[in-house]
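Notes for the one structure printed next.
Numbering (the working numbering), first residue to last: 39 to 148.
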């Protein structure tokens, strides 16, 4: 029903950064807001997020991915004064996990 151009336009219309990674943590897509948020975002595509984070963050990301694979839909991974970051499961038509996206929101109370 929708082609890739439409879907990309839709994602680019969002004001919040969206970064999609597959189940190996390889970045497959960043929207326009993510390109502004992350320096060098276009260079992230095709690279593992695990290469961009410290060991503790990598552990957290792997633990959350395991929970998403087990059926959880979303988890808050950063709750700071600047922003809140969630990892949100993306599943195929057979409900298998194919990856996740990082979703940013302003902090509570802002």
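Every residue gets a Cβ at the ideal spot worked out from N, C-alpha and C, and that includes glycine.
Integer Cβ distance of residue i from residue j, believed to fall under 8 Å
i, j, result
"residue 97", "residue 122", "Going by Cβ atoms, the distance from residue 97 to residue 122 rounds to 20 Å, so no, they are not a contact pair."
"residue 58", "residue 139", "5 Å"
As assigned by DSSP and simplified to three states, the class of residue i
i, result
"residue 45", "helix"
"residue 134", "coil"
"residue 106", "helix"
"residue 62", "coil"
Nearest candidate by alpha-carbon position, reference residue i, set the options
i, options, result
"residue 147", "117, 76 and 89", "117"
"residue 46", "64, 68, 94 and 105", "68"
"residue 132", "76, 107 and 113", "107"
"residue 79", "55, 42 and 119", "55"
Residue i - partner residues in DSSP beta bridges
i, result
"residue 114", "124"
"residue 142", "123"
"residue 129", "135"
"residue 57", "68 and 140"
Would you mind listing the beta strand (DSSP E) stretches within the region 75 to 103 that are 3+ residues and don't spill past its ends, in chain order? None, since the region 75 to 103 contains no complete beta strand (DSSP E) of that length.
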